[in-house]
Amino acid sequence: MVARSYAAPPTPWSKNLAEPQIDETAYVHSFSNVIGNVHISSNVLIAPGTSIRADEGTPFHIGAGTNVQDGVVIHGLEQGRVIGDDGKQYSVWVGKNTSITHMALIHGPAYVGDDCFIGFRSTVFNARIGNGCIVMMHVLIQDVEIPAGKYVPSGATITNQQQADRLPDVQQVDREFARHVIGVNNALRSGY
Amino acid sequence: MSLSPLHPIGNFNSHISGEVIIDRTAAIAPGVVFHADPNSKIIIAAGVCIGMGVVLHAHDGNVEIETGVNLGAGVLVVGKATIGANACVGAATTVFNCSVAPKQVIPPGSLLGDTSRHLTVDSTVEVEAAPTPPTDATQPSPPTSA
Amino acid sequence: MSLSPLHPIGNFNSHISGEVIIDRTAAIAPGVVFHADPNSKIIIAAGVCIGMGVVLHAHDGNVEIETGVNLGAGVLVVGKATIGANACVGAATTVFNCSVAPKQVIPPGSLLGDTSRHLTVDSTVEVEAAPTPPTDATQPSPPTSA
Chain A
1 MVARSYAAPP TPWSKNLAEP QIDETAYVHS FSNVIGNVHI SSNVLIAPGT SIRADEGTPF
61 HIGAGTNVQD GVVIHGLEQG RVIGDDGKQY SVWVGKNTSI THMALIHGPA YVGDDCFIGF
121 RSTVFNARIG NGCIVMMHVL IQDVEIPAGK YVPSGATITN QQQADRLPDV QQVDREFARH
181 VIGVNNALRS GY
Chain B
193 MSLSPLHPIG NFNSHISGEV IIDRTAAIAP GVVFHADPNS KIIIAAGVCI GMGVVLHAHD
253 GNVEIETGVN LGAGVLVVGK ATIGANACVG AATTVFNCSV APKQVIPPGS LLGDTSRHLT
313 VDSTVEVEAA PTPPTDATQP SPPTSA
Chain C
339 MSLSPLHPIG NFNSHISGEV IIDRTAAIAP GVVFHADPNS KIIIAAGVCI GMGVVLHAHD
399 GNVEIETGVN LGAGVLVVGK ATIGANACVG AATTVFNCSV APKQVIPPGS LLGDTSRHLT
459 VDSTVEVEAA PTPPTDATQP SPPTSA
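Just so you know, the protein sequences line up as chains A, B and C, in that order. Here the numbering used here is used: the first residue of the first sequence is 1, the next is one more, and so on. Here the numbering used here is used: the first residue of the second sequence is 193, the next is one more, and so on. Here the numbering used here is used: the first residue of the third sequence is 339, the next is one more, and so on.
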């Protein structure tokens, strides 16, 4: 699959023209915008209409088997970094086998762990989301660290750490619903 | 619930794939994504207006946008859905696997058809959220390490 | 993967159809849809600023955007409506078959006009979101209705 991608434009804080590094098994749709220092691992799906621009905060990492769906935006502030699982600093780290569904916004500094689900139109900004979390739809998560395995219901606004600490654990029914939604999305892979 | 921001679209190309039938009197902004899975269709009737950045994804059934419907910018419709004639769906609304009746007016930022587990996450949270608890607990921003 | 088509030069990334009259001093962002049904008009006066992703759909009457009006991104105006001189309409607002008085300031995400049927969409969810007491998302403070 030929990916249309671009070097980040030179800026006062980044003089090099970094280009994305995309694993050859990843599928990056040509109508997506992938710009700058972005590492895309094996079997990642980047759908059309996505915008992944490492032109301010940089670099980004997207782990193996992760899906990034139509209309998703990944971007980062110039300042602020998270520590990725490899111990290095990233503006945005997304782990393995995670689903970032339609129109979600992941704005760095942000860390999203492995096996997570980020629902339609939810926003993650200046936050860490532990492995196996399920974040439903129209959610705002900002300035907090969410422990692994937590469930964030639709419409929630989680902007202080007490709220984050009291979130309920993911239940089987939540996994099933997320799988249902992802099932819809996975059909995309065959479609493209 | 906070109204999520409209994403400025990175490019103005529209992407249409699968079986998509668009009446020639429909008005469609740039930067839309219409995707019909196999055995599903997207049907857009006469006089429909569709705003920028709208995503329609038909899956396990058809997405039908009936005559005279208006979809504001950034609307997302996923699954099997009918938007009834002359309905008006506000910007940044999500419609998941459900339908909107004819002539209905849906406020901006709505979420329709969400059947996930709804619960009141410890409402006690409100209490200490308000009186600004002094400790470092209110000092989150943990990820910004560098 | 098909080769993407060449785009005609001069396409300014908007969709304008029907009888639409735009003053040459109006500033219009890309990605808008202006659609006037037969026997309806859209009239945009001098000094108007129109944000990205705005949809104007004149239906059974005219949509008039008077001098100096500002429409934020994603605003949706449907039916017959006048936005009075120097009014300021916040992003993602829906104006359905009603008018906004001159100089009025409408908060973002509002729903104005005929809302024959309100759905309480998931408003239960708001409970845990309480720290930022949301104006019921389905009901975003319509300050004026026609």
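Even for Gly, the Cβ is constructed at its ideal location relative to N, Cα and C.
- Query: Touching or not, the stretch 414 to 433 of chain C and the stretch 256 to 270 of chain B, by the rule of three or more beta carbon pairs under 8 Å?
  - Reply: yes
First through last residue of the alpha helix (DSSP H) which encompasses Ala164 (chain A): The residue labelled residue 164 (chain A) in the question sits at position 164 within the first sequence. First-last of the alpha helix (DSSP H) with Ala164 (chain A): Gln161 to Asp165.
Within 7 Å, strictly: CB atoms of Ala178 (chain A) and Ile134 (chain A): Counted from its first residue, the first sequence places residue 178 (chain A) at position 178. Counted from its first residue, the first sequence places residue 134 (chain A) at position 134. Yes, they are a contact pair.
Would you kindly work out how many angstroms separate the C-alpha atoms of His138 (chain A) and Thr123 (chain A), rounded to a whole number?
-> In the first sequence, counting from the first residue as 1, residue 138 (chain A) sits at position 138. In the first sequence, counting from the first residue as 1, residue 123 (chain A) sits at position 123. Taking the straight line from one Cα to the other gives about 8 Å.
### Task
Select from B:Val246, B:Ala238 and B:Ile298 the residue whose C-alpha is nearest the C-alpha of Ile214 (chain B).
Residue mapping note: residue 214 (chain B) aligns to position 22 of the second sequence, counting from 1. Cα-wise, what sits closest to Ile214 (chain B) is B:Ala238.
Practice prompt. At 3 residues or longer, and completely inside the stretch 254 to 305 of chain B: list those beta strand (DSSP E) runs for me, N to C.
Written response: 268 to 275 and 286 to 288
For Pro275 (chain A) versus Val225 (chain B), is the C-beta distance shorter than 7 Å?
Because residue 275 (chain A) is not part of the residues shown, which for chain A are 1 to 192, the question remains open.
ask   = Does the beta carbon of Gly410 (chain C) come closer than 7 Å to any beta carbon on chain B?
value = In the third sequence, counting from the first residue as 1, residue 410 (chain C) sits at position 72. Not one chain B Cβ lies under 7 Å of Gly410 (chain C).
Simplified DSSP assignment, three categories, for Asn64 (chain A): As a first step, residue 64 (chain A) must be located in the first sequence, where it is residue number 64. Sequence check: residue 64 (chain A) is Ala here, not Asn. Note: Ala64 (chain A) maps to coil in three-state DSSP.
### Query
With Asn238 (chain A) and Val144 (chain A) assumed to form a contact (beta carbons below 8 Å), what rounded beta-carbon distance in angstroms separates them?
Residue 238 (chain A) falls outside the range modelled here, since chain A spans only 1 to 192, and no answer is possible.
* Asked: Closest Cβ-Cβ distance between Gly399 (chain C) and chain E: below 7 Å?
  -> In the structure shown, chain E cannot be found, because the protein chains are A, B and C.
Check each candidate in A:Ala26, A:Ile146, A:Gln172 and A:His107 and name the one with the smallest Cα separation from Gln162 (chain A). Residue 162 (chain A) sits at position 162 when you count from the first residue of the first sequence. Minimum Cα distance to Gln162 (chain A) is reached at A:Ile146.
CB contact flag (Asn37 (chain A), Thr58 (chain A), <7 Å) = One-based indexing of the first sequence puts residue 37 (chain A) at position 37. One-based indexing of the first sequence puts residue 58 (chain A) at position 58. Cβ atoms of Asn37 (chain A) and Thr58 (chain A): closer than 7 Å.
- Task: Output yes if chain B places a C-beta closer than 7 Å to the C-beta of Leu450 (chain C); else output no.
- Result: Within the third sequence, numbered from 1, the residue matching residue 450 (chain C) stands at position 112. No, no contact with chain B.
Run through DSSP, which three-state label would Gly183 (chain A) get? On the first sequence, residue 183 (chain A) is found 183 positions in, with the first residue counted as 1. Gly183 (chain A): helix per DSSP, three-state reduction.
inquiry  = Can you check whether the C-beta of Ser437 (chain C) is within less than 7 Å of a C-beta belonging to chain B?
reply    = Within the third sequence, residue 437 (chain C) is the residue found at index 99, counting from 1. Judged by the 7 Å Cβ criterion, Ser437 (chain C) is not in contact with chain B.
Checklist entry - Is Ala273 (chain B) near Pro294 (chain B), with beta carbons less than 7 Å apart? => result Taking the first residue of the second sequence as 1, we reach residue 273 (chain B) at position 81. Taking the first residue of the second sequence as 1, we reach residue 294 (chain B) at position 102. Going by C-beta atoms, Ala273 (chain B) is not nearer than 7 Å to Pro294 (chain B).
Practice problem: Sort C:Thr363, C:Ser352 and C:Leu450 by Cα distance to Val386 (chain C) and report the nearest one. | Solution: Your numbering for residue 386 (chain C) matches position 48 in the third sequence. It is C:Thr363.
Subject >> Chain-ordered neighbours of Thr307 (chain B) on chain A, where CB pairs are closer than 8 Å >> reply: Here residue 307 (chain B) refers to the residue found at position 115 of the second sequence. Correct list: Phe177.
C-beta neighbour in chain C for Ala228 (chain B), strict 7 Å: To locate residue 228 (chain B), count along the second sequence from 1; it is residue 36. Chain C, which has no Cβ nearer than 7 Å to the Cβ of Ala228 (chain B), makes this no.
Q: Following the continuous beta strand (DSSP E) through Gly36 (chain A), name the residue where it begins and the one where it ends.
A: Within the first sequence, residue 36 (chain A) is the residue found at index 36, counting from 1. Looking at the DSSP string, the run of the beta strand (DSSP E) that includes Gly36 (chain A) is Asn33 to Gly36.
### Query
Is Thr420 (chain C) close to chain B, meaning its C-beta is less than 7 Å from at least one C-beta of that chain?
Counting from 1 along the third sequence, the entry for residue 420 (chain C) is found at position 82. No, Thr420 (chain C) lies away from the interface with chain B (no Cβ there is under 7 Å from its Cβ).
Using a Cβ-Cβ distance cut-off of 7 Å, determine whether Val297 (chain B) contacts chain C.
For the purposes of this step, residue 297 (chain B) is identified with residue 105 of the second sequence, where counting begins at 1. By this cut-off, Val297 (chain B) is an interface position.
Interface residues of chain B around Ser355 (chain C) at Cβ under 9 Å? Working through the third sequence from its first residue, we reach residue 355 (chain C) at position 17. What Ser355 (chain C) touches in chain B: Thr217 and Ala219.
### Task
Below 6 Å CB to CB, which residues in the same chain sit around Val73 (chain A) once its five sequence neighbours on both sides are set aside?
By 1-based counting over the first sequence, the position of residue 73 (chain A) is 73. Correct list, in chain order: Ser51 and Leu105.
Of all the residues that make up the stretch 110 to 121 of chain A, which are near chain B by a beta-carbon distance shorter than 9 Å? Ala110, Tyr111, Gly119, Phe120 and Arg121
query: Taking the C-alpha atoms as reference points, what is the distance between Asp375 (chain C) and Gly406 (chain C)?
result: For the purposes of this step, residue 375 (chain C) is taken as residue 37 along the third sequence, with counting starting at 1. For the purposes of this step, residue 406 (chain C) is taken as residue 68 along the third sequence, with counting starting at 1. Using only the alpha carbons, I get a separation of about 25 Å.
* Leaving aside the five residues before and after Leu394 (chain C) along the sequence, list all residues of the same chain whose C-beta is less than 6 Å from its C-beta, in chain order. => Counted from its first residue, the third sequence places residue 394 (chain C) at position 56. Excluding residues within five positions, the ones whose Cβ falls inside 6 Å are Phe372, Ile380, Val401 and Val415.
In the DSSP assignment, find the beta strand (DSSP E) that holds Leu140 (chain A) and state where it starts and stops.
By 1-based counting over the first sequence, the position of residue 140 (chain A) is 140. Leu140 to Gln142 is the span of the beta strand (DSSP E), which, as asked, contains Leu140 (chain A).
ask   = Is the beta carbon of Ile213 (chain B) within less than 6 Å of some heavy atom of the ligand ATP?
value = What this structure holds is no ligand at all, so the ligand ATP is not there to describe.
Strictly under 7 Å for the Cβ-Cβ distance: is Pro222 (chain B) near chain C by that measure?
What you label residue 222 (chain B) is simply residue 30 of the second sequence in a count that begins at 1. It does: the Cβ of Pro222 (chain B) has a partner Cβ on chain C nearer than 7 Å.
**Asked** Taking 7 Å as the CB-CB limit, is Val317 (chain B) close to chain A?
**Response** Your numbering for residue 317 (chain B) matches position 125 in the second sequence. Model confidence at Val317 (chain B) stands at a pLDDT of 42, short of 50, so the residue's coordinates are unreliable and nothing is read from them.
Strand pairing of Arg128 (chain A), partner residues [DSSP]: On the first sequence, residue 128 (chain A) is found 128 positions in, with the first residue counted as 1. For Arg128 (chain A), which the question treats as bridged, DSSP gives the partners A:Tyr111 and A:Glu145.
Tyr27 (chain A) beta carbon less than 7 Å from that of His61 (chain A): Working through the first sequence from its first residue, we reach residue 61 (chain A) at position 61. Working through the first sequence from its first residue, we reach residue 27 (chain A) at position 27. Going by C-beta atoms, His61 (chain A) is not nearer than 7 Å to Tyr27 (chain A).
Can you tell me which of the three DSSP states Asp229 (chain B) falls into?
-> As a first step, residue 229 (chain B) must be located in the second sequence, where it is residue number 37. Coil, per DSSP.
Note to self: Can you give me the C-alpha to C-alpha distance between Gly113 (chain A) and Ser378 (chain C), rounded to a whole angstrom?
What the structure shows: What you label residue 113 (chain A) is simply residue 113 of the first sequence in a count that begins at 1. What you label residue 378 (chain C) is simply residue 40 of the third sequence in a count that begins at 1. Whole-angstrom Cα-Cα distance: 53 Å.
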